[in-house]
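Enquirer:
There are 4 protein chains.
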Amino acid sequence: MPWLERGIGMEAAVVKEGDWVLIYFSEKKSYVVRVEQGRQFHTTKGSIDLGSLVGVEYGSRLETNVGEEFYVTRPLIVDRLSVLKRFTQVIYPKDLAYLLLGSGVGPGSRVVEAGTGTGYLTSILAFYVRPSGRVFTYEAREDFYKMAVENFERIGLLPYITVRKRNIKEGIKERNVDAVFLDMPDPWEVFGEAYSVLNHGGTINVFTPTTGQMSRSIEGLKRAGFKRVEAAEIMYRRYKASPRELRPENVGIWHTGYIIRGQKL
Amino acid sequence: MPWLERGIGMEAAVVKEGDWVLIYFSEKKSYVVRVEQGRQFHTTKGSIDLGSLVGVEYGSRLETNVGEEFYVTRPLIVDRLSVLKRFTQVIYPKDLAYLLLGSGVGPGSRVVEAGTGTGYLTSILAFYVRPSGRVFTYEAREDFYKMAVENFERIGLLPYITVRKRNIKEGIKERNVDAVFLDMPDPWEVFGEAYSVLNHGGTINVFTPTTGQMSRSIEGLKRAGFKRVEAAEIMYRRYKASPRELRPENVGIWHTGYIIRGQKL
Amino acid sequence: MPWLERGIGMEAAVVKEGDWVLIYFSEKKSYVVRVEQGRQFHTTKGSIDLGSLVGVEYGSRLETNVGEEFYVTRPLIVDRLSVLKRFTQVIYPKDLAYLLLGSGVGPGSRVVEAGTGTGYLTSILAFYVRPSGRVFTYEAREDFYKMAVENFERIGLLPYITVRKRNIKEGIKERNVDAVFLDMPDPWEVFGEAYSVLNHGGTINVFTPTTGQMSRSIEGLKRAGFKRVEAAEIMYRRYKASPRELRPENVGIWHTGYIIRGQKL
Amino acid sequence: MPWLERGIGMEAAVVKEGDWVLIYFSEKKSYVVRVEQGRQFHTTKGSIDLGSLVGVEYGSRLETNVGEEFYVTRPLIVDRLSVLKRFTQVIYPKDLAYLLLGSGVGPGSRVVEAGTGTGYLTSILAFYVRPSGRVFTYEAREDFYKMAVENFERIGLLPYITVRKRNIKEGIKERNVDAVFLDMPDPWEVFGEAYSVLNHGGTINVFTPTTGQMSRSIEGLKRAGFKRVEAAEIMYRRYKASPRELRPENVGIWHTGYIIRGQKL
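Chains as they are written, first to last, in my numbering: chain A, 1 to 265; chain B, 266 to 530; chain C, 531 to 795; chain D, 796 to 1060.
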C-alpha cells in the first residue's frame, strides 16, 4: 500500500482509487475516508463524491455539493487509527508512543502481543516494525478476532501481522521474540511463558489501569526473573493553541493506565 | 551493524568484536560499552577485560576481576543513546516518543531536523526511518558538527543520516520532505522555508522550553499556512517499583519543553 | 449563625429553623438546603417537608414521602458554597485552599478583594478571618453586586464582609491591609495602589487563567516593588474511591488558573 | 503574641523584643529569626545584632556589619513553620492547605490529630481554629512530645494546642470533635474510635504516602461507617518567575501523599 512506503510520505502527487485520505474542513472537523468509485461521503457540510477525488492532487482545495470548502490530504498514522472499529477501550497516543520507544522495538523486531482488542497497539507496532519485522497478536474471542483481521486489512498493515485466535495463557507459539506487550486484566499469568520465549535483552511491556494491577505486575515480573523493572505513567496535557489566550485545556484525560516494563538479562 | 537488523533483537547468540553490550550489575548500576580486544573497562565493582567477552553468549552471568557478578546483554535504543557525548541539553524519552509518533514518521520517511546538538533526536529518528528512510540534520557550529558525526558513527546510525554543517536559516537543501523537526531558540524563522519543502500531509514538529516560545511558535505556524496546529506537553511520572511501598517517586522532572505541531494540507 | 460558631462544628444536637442542612441520599446525590416552615423540597427520590426537620437530631435517618431514606447532617464550608448563585466562573477548592494558606491570611486579617463575582473566594476568606477580621470586596457591576450581597446574607457570612459597589481601579478605600486578592482580567492595573495600602509584610495574591496574564502579572508585581514573587499552579487529581479498582479518575480538571504572589517588604 | 492577632497583620509599626521577623536579603536568601537583646545572627552576608532591631519600623532597609543590605519584615504563617525543629518528614503547604479546607475546619473548631511529629499540621490547624477553637494532638514518643511542646511554645501557638503524650490507638480522650486528622502508618486502626468521638457532620482526614495505604484507608473508612469517602492527590507546580523565560521549574516534587476524607453523617 503506497502510503506505507515512506511512513507518512509519498512523492506521488495524485489521489488514487483505494487511497485513504484526510478530508479537512476546519481545526474541529476532519475525516479519514477511503477513496472508492461510486461512493458518496455525507457530512454536516454537504456530501462528497469520493470517486471524483481520483486524480486530484494531494493538497487541493475542493468544495462539497453545497459549496463548503475542504482540503484533501494524507492522514498521519494516528489519523489512520481513527478508522479502526472499536469494541474495547483504546490506548492513547501518549501511551502508545512511550510503550514503543521504551520497549526498544523498531524496524525488524519480532513482537508478541495480547490481547488484540481493537488493534490500536497492534497497528502501531506493525507500523514501526516494517518492513522486515512482524507482530504476532493473540485474541481468544471469535468476534474480536474477526474484527481485528478486518481492521488490519482495511488499514493496510495485515502483511506485517499474524493474528492468532487463541488465548495467550495457553502458550506462546513464537520463539526468538524481541518484545512482548500485554494489555489484559491478569498479565502476570503470562510472565513465565513470556520470559521463556524472549531473546536475551528482550523486554516485556505491560499496560494496566489500576494500582492493584500495577503492584501485582511489578511483583510478578520480579518473581519471573525479569530485571530493570520500571513502572511509570505518562500524562498528556493539551494547550489551547491560541497565542492570545494560551493556557492548558480546562478538562482532559487524567488517567489511562500504568506502564510497567522489565527486561530479560 | 547487527544490533540494528531487528531493532533490539538478534537471534545471534554470542557477543562479537565491536558489539555494544549492556553490562548489568544491579537495578542502579549498569553500563553500555563496546566490545574491543585489548581494552579494560573499570568500574567500582572491579574491572572487565572487554576482549574476553567475545564469543560469550548473550545473557551470561560473569564476574569482574574481584569476583563481582554481572550480566552481559543487549542494550535498548534508549540505553544506546546514553553513550552519546553530550554538549547540549538532551531531549527526554517521554518527549522523543511523542514527537516521533505524533509526527507520523516511520520506516521509509525523509526527515529534516535542526539543530543537531548532541544528536539524541536525530538518533531516534534515524532508528525509526530505517532501513529505507533518511534524516538530514543541520548544525552550524563546527565543534557540534564534528561531535555529532562521531556520535552517529559510534552508535551505528550514520548510514541513515546526512549531517549538514550549515545554519538551517540559510535554507533547506532537501525537497519532498515528510517531516521537519525544530529544536532551536527561534524556530519561527524557519517556518516559511519548512512549509515550502514539505510534502502535502507532512508535519512540522517544534520542541521549545518556554511559554513565550510556545506562543510565538503557534502564531508563526498559523501565519506560515500550517493547519491542525496543536500544542501539548508530556509528563512522565515514575513509580517506586516496590509492591510493598508502591507510590510515585518523590522528586522528578516536572518540565522539559512544549511540543507544537502543524501539518501542511 | 450557629454553624459558624465552630467552623463545621456545633454541639447542639437538633436542627433549628433557619439552619442550612445537608440532605444525603447517596455518594452521588446530596443537597444543601435551608430549613424553613411550610417549604417543600422536591427531589428525584420524593419530596421532604423542610419544616418537619425542626427538632430532629443531626445524623438522623429519615424518609421522603415515597419512602426513600436520607440522612440530615451539617454541611461543610465547601458544601455551603454550592448554594451560592453563580454568574461567573468559580474558583475551585484546590486553588482557594492554596490562595488562602499562601497569603498568610487567618483569623483577624483585614483583606481586600476584587472582583467579587459569584463570591466564592470572598466567602472562603470571610470564613477564615472570622471572628475579628474583615473582607472588603469590590464589584463594579450593579447586578453582580446585588447578587453577591444576597449570597453572603444567605450563607451567613455578611457580618464579616463589606461589599463595595465600585471598580477597584478607581482606588482602594482601605488602609492597613494585610492581603489583597485579585481575580480580574487586568490585575496589573491595581498593583501600584495595592502596594500603597498594604501593611509591611502583607501579600498580594493574583489568580489568572492564561500564560500571558501570568507573565504580565509577574512583571508588574516586580515593577510595583513587590518581593518574593512566586508563580505556581495547583492540580487536583481525584481517585476512584474503590479499593478493588483503585486508580485516578479518567477525566478531570487539568487547568483552572495560575496563582502569582508577591510580598511587600 | 501580637503577630497572631490579625493573622499576618499588625498595625503596630515597630519591631518589639520577642517578635519573629523575616530577614530578607534576596529572592533566594531570607531567614526567620526571633528578636532578642544581646543575640547576634550570623549569615554569609555578615552578622546582625538582633537587639538593635527593637524599635525599628517594619519594612526598613538595614545593613549587616559588612554593609550588605536587608529588609526586616513580618513572616507569613508558612515562613513561621520553617523555624520548627524537624525530626520527621513534614507535610507540604499544598497538602496542608487542601487538608484544611476540605476538612471544614475553621475558627472555633475542636480538632484531634495524630501523630504530632514535627508539628507542621498541628501548627496550621491551630493557626486557623484561633481564637476560640482548639487542637488536641497525640504523640506517643517522649522525645517527639518534648520537641513539639517546645516548637509550639516558640511559634506562639501553644495556647491553642493540647499535646497529649499518648498513643492515639489507646483511645481518644475528647468528645464532640469536629474533625480528626491522621498522619500515621496505620490510620485504619483508629477509624472506629474516631467515628465514635466525632460530631455528626464531622470529618476524618487521612494523609498517607503509598497506594496500598490509600486502598486500606478507603476500605477502612467505609467499613467504619463513614460516608462521602473521597481520595485525591494535590500537585504543586512552581514556575520560574521570569517573564522572559516563563516556564515551569524543571525539577520538583512529584509526590508527597494521598489525602483521603470521610464524613460522619
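Even glycine gets a Cβ: it sits at the ideal position worked out from N, Cα and C.
Answer yes if the segment 973-984 of chain D comes into contact with the segment 897-911 of chain D, meaning at least three C-beta pairs across the two stretches below 8 Å, and no otherwise.
Expert: Judged by Cβ distances under 8 Å, the segment 897-911 of chain D makes contact with the segment 973-984 of chain D, as three or more pairs qualify.
Enquirer: Against chain B, does Q741 of chain C count as a neighbour if the rule is that its beta carbon must be under 9 Å from one of theirs?
Expert: Position 211 of the third sequence, counted from the start, is the residue given in the question as residue 741 of chain C. Gln is not the amino acid found at residue 741 of chain C; the sequence shown has Thr there. Yes, contact with chain B.
Enquirer: Classify A808 of chain D: buried if its beta carbon has 16 or more other beta carbons within 10 angstroms, exposed otherwise.
Expert: Counting from 1 along the fourth sequence, the entry for residue 808 of chain D is found at position 13. That one is exposed.
Enquirer: Using 10 angstroms around the beta-carbon of E498 of chain B, count the other beta-carbons present and answer buried if the total reaches 16, otherwise exposed.
Expert: Here the question's residue 498 of chain B lines up with position 233 in the second sequence. Looking at its Cβ environment, which holds 16 or more other Cβ atoms inside 10 Å, E498 of chain B is buried.
Enquirer: So, at 8 Å on beta carbons, what are the nonlocal neighbours of G854 of chain D in its own chain, with the 5 sequence-adjacent residues on each side left out?
Expert: As a first step, residue 854 of chain D is located in the fourth sequence; it is residue number 59 there, counting from the start. Excluding positions up to five away in sequence, the list reads Y866, V867 and T868.
Enquirer: When we look at the beta-carbon of D143 of chain A and count the other beta-carbons within 10 Å, is it buried (16 or more) or exposed?
Expert: Along the first sequence, read from residue 1 onward, the residue named residue 143 of chain A stands at position 143. Around the beta-carbon of D143 of chain A, fewer than 16 other beta-carbon atoms lie within 10 Å, marking it exposed.
Enquirer: Rounded to whole angstroms, what is the Cα-Cα separation between G846 of chain D and T741 of chain C?
Expert: In the fourth sequence, counting from the first residue as 1, residue 846 of chain D sits at position 51. In the third sequence, counting from the first residue as 1, residue 741 of chain C sits at position 211. Between the alpha carbons of G846 of chain D and T741 of chain C lies a distance of about 45 Å.
Enquirer: Under 9 Å, do Q793 of chain C and K757 of chain C count as touching if we go by C-beta distance?
Expert: If you number the third sequence from 1, residue 793 of chain C lands on position 263. If you number the third sequence from 1, residue 757 of chain C lands on position 227. Yes, the Cβ-Cβ distance between Q793 of chain C and K757 of chain C is below 9 Å.
Enquirer: Report yes or no: is there a C-beta of chain A within less than 9 Å of the C-beta of S1010 of chain D?
Expert: Stepping through the fourth sequence from its first residue, residue 1010 of chain D is reached at position 215. Cβ-Cβ to chain A under 9 Å: yes for S1010 of chain D.
Enquirer: With H, G and I counted as helix, E and B as strand and the rest as coil, what does DSSP make of V83 of chain A?
Expert: Residue 83 of chain A sits at position 83 when you count from the first residue of the first sequence. V83 of chain A: coil per DSSP, three-state reduction.
Enquirer: Kindly indicate which three-state DSSP category D708 of chain C falls into: helix, strand or coil?
Expert: Mapped onto the third sequence, residue 708 of chain C falls at position 178. Look at D708 of chain C here: in three-state DSSP terms it is strand.
Enquirer: Measuring only between beta-carbons, confirm whether P508 of chain B sits less than 9 Å from chain D.
Expert: Residue numbering aside, residue 508 of chain B sits at position 243 when the second sequence is read from its first letter. Yes, because at least one Cβ of chain D sits closer than 9 Å to the Cβ of P508 of chain B.
Enquirer: Tell me, please, whether the CB atom of N464 of chain B is closer than 9 Å to any CB atom in chain A?
Expert: On the second sequence, position 199 is the one that residue 464 of chain B refers to. For N464 of chain B, the answer is yes, since a Cβ of chain A falls inside 9 Å of its Cβ.
Enquirer: Residues in the segment 89-123 of chain A with C-beta within 8 Å of chain B's C-beta atoms, listed in sequence order?
Expert: P93, K94, L96, A97, Y98, L100, L101, G102, S103, G104, V105, G106, P107, G108, S109 and R110
Enquirer: At what residue ranges does the segment 266-347 of chain B contain a whole run of the alpha helix (DSSP H), taking only runs of 4 or more?
Expert: 342-346
Enquirer: Would you say R39 of chain A reaches chain B, if we count a Cβ-Cβ gap shorter than 9 Å as a contact?
Expert: Translated into the one-based positions of the first sequence, residue 39 of chain A becomes position 39. No - not a single Cβ of chain B is within 9 Å of the one on R39 of chain A.
Enquirer: Please report how far the alpha carbon of V720 of chain C lies from the alpha carbon of L583 of chain C, in whole angstroms.
Expert: Residue mapping note: residue 720 of chain C aligns to position 190 of the third sequence, counting from 1. Residue mapping note: residue 583 of chain C aligns to position 53 of the third sequence, counting from 1. Each residue's Cα considered, the two are about 48 Å apart.
Enquirer: At 8 Å on the CB atoms, spell out the chain B contacts of R27 of chain A, in chain order.
Expert: Indexing the first sequence from 1 puts residue 27 of chain A at position 27. Rather than Arg, the amino acid found at residue 27 of chain A in this sequence is Glu. What E27 of chain A touches in chain B: K492, R493 and V494.
Enquirer: I'd like to know whether the C-beta of V608 of chain C is nearer than 9 Å to at least one C-beta of chain D.
Expert: Here the question's residue 608 of chain C lines up with position 78 in the third sequence. Closer than 9 Å to some Cβ of chain D, the Cβ of V608 of chain C qualifies, so yes.
Enquirer: Residues of chain D with CB under 9 Å from R768 of chain C, in chain order?
Expert: Numbered from its first residue, the third sequence carries residue 768 of chain C at position 238. Here the neighbours are E1025, A1026, A1027 and E1028.
Enquirer: How big is the Cα-Cα spacing for P1043 of chain D and I518 of chain B?
Expert: Taking the first residue of the fourth sequence as position 1, residue 1043 of chain D is located at position 248. Taking the first residue of the second sequence as position 1, residue 518 of chain B is located at position 253. Whole-angstrom Cα-Cα distance: 10 Å.
Enquirer: On the DSSP letters alone, give me the boundaries of the alpha helix (DSSP H) that R509 of chain B sits inside.
Expert: Counting from one through the second sequence, the residue named residue 509 of chain B turns up at place 244. Unbroken run through R509 of chain B: none, as it is neither H nor E.
Enquirer: Is it the case that the Cβ atoms of G367 of chain B and P93 of chain A are separated by a distance below 9 Å?
Expert: Indexing the second sequence from 1 puts residue 367 of chain B at position 102. Indexing the first sequence from 1 puts residue 93 of chain A at position 93. Yes, these two residues count as a Cβ contact at 9 Å.
Enquirer: Which residues in the same chain as T162 of chain A place their Cβ atom closer than 6 Å to its Cβ, once the five residues preceding and following it in sequence are excluded?
Expert: Numbered from its first residue, the first sequence carries residue 162 of chain A at position 162. Only F136 meet the Cβ criterion.
Enquirer: Go through its chain and collect everything with a Cβ distance to Q884 of chain D's Cβ below 7 Å, but skip five positions before and after it.
Expert: By 1-based counting over the fourth sequence, the position of residue 884 of chain D is 89. Excluding sequence neighbours, Q884 of chain D sits near nothing in its chain.
Enquirer: Do G548 of chain C and E566 of chain C have their beta-carbon atoms positioned less than 9 Å apart in this structure?
Expert: Your numbering for residue 566 of chain C matches position 36 in the third sequence. Your numbering for residue 548 of chain C matches position 18 in the third sequence. Yes, Cβ-Cβ distance for E566 of chain C and G548 of chain C is below 9 Å.
Enquirer: Just curious, the beta strand (DSSP E) that N470 of chain B is in, first and last residue?
Expert: Position 205 of the second sequence, counted from the start, is the residue given in the question as residue 470 of chain B. Residues L463 to T473.
Enquirer: Ignore the nearest five residues each way along the sequence and tell me which others in G755 of chain C's own chain have a CB closer than 6 Å to its CB.
Expert: In the third sequence, counting from the first residue as 1, residue 755 of chain C sits at position 225. Hits under 6 Å: Y725.
Enquirer: Just to confirm, is the Cβ distance from L121 of chain A to L287 of chain B under 9 Å?
Expert: Your numbering for residue 121 of chain A matches position 121 in the first sequence. Your numbering for residue 287 of chain B matches position 22 in the second sequence. Not a contact, by the Cβ cut-off of 9 Å.
Enquirer: According to DSSP, which residues form a beta bridge with R134 of chain A?
Expert: Numbered from its first residue, the first sequence carries residue 134 of chain A at position 134. According to DSSP, R134 of chain A bridges with A:R110.
Enquirer: By the 9 Å beta-carbon criterion, what residues does the segment 393-425 of chain B contribute toward chain A?
Expert: Y393, V394, R395, P396, S397 and G398
Enquirer: Based on DSSP bridge pairs, tell me the residues matched to Y766 of chain C.
Expert: Taking the third sequence and counting its residues from 1, one reaches residue 766 of chain C at position 236. Note: Y766 of chain C sits in a beta bridge opposite D:I1029.
Enquirer: Quick one: Cα of P926 of chain D to Cα of T521 of chain B, how far?
Expert: Your numbering for residue 926 of chain D matches position 131 in the fourth sequence. Your numbering for residue 521 of chain B matches position 256 in the second sequence. The alpha-carbon separation between P926 of chain D and T521 of chain B amounts to approximately 46 Å.
Enquirer: Between P982 of chain D and chain C, is the shortest Cβ-Cβ distance under 9 Å, so that the two count as touching?
Expert: Your numbering for residue 982 of chain D matches position 187 in the fourth sequence. For P982 of chain D, the answer is no, since every Cβ of chain C falls outside 9 Å of its Cβ.
Enquirer: Taking Cβ positions, are I433 of chain B and G398 of chain B nearer each other than 9 Å?
Expert: Sequence index remark: in the second sequence, residue 433 of chain B carries index 168 (1-based). Sequence index remark: in the second sequence, residue 398 of chain B carries index 133 (1-based). It is not a contact, given that the beta carbons lie outside the stated cut-off.
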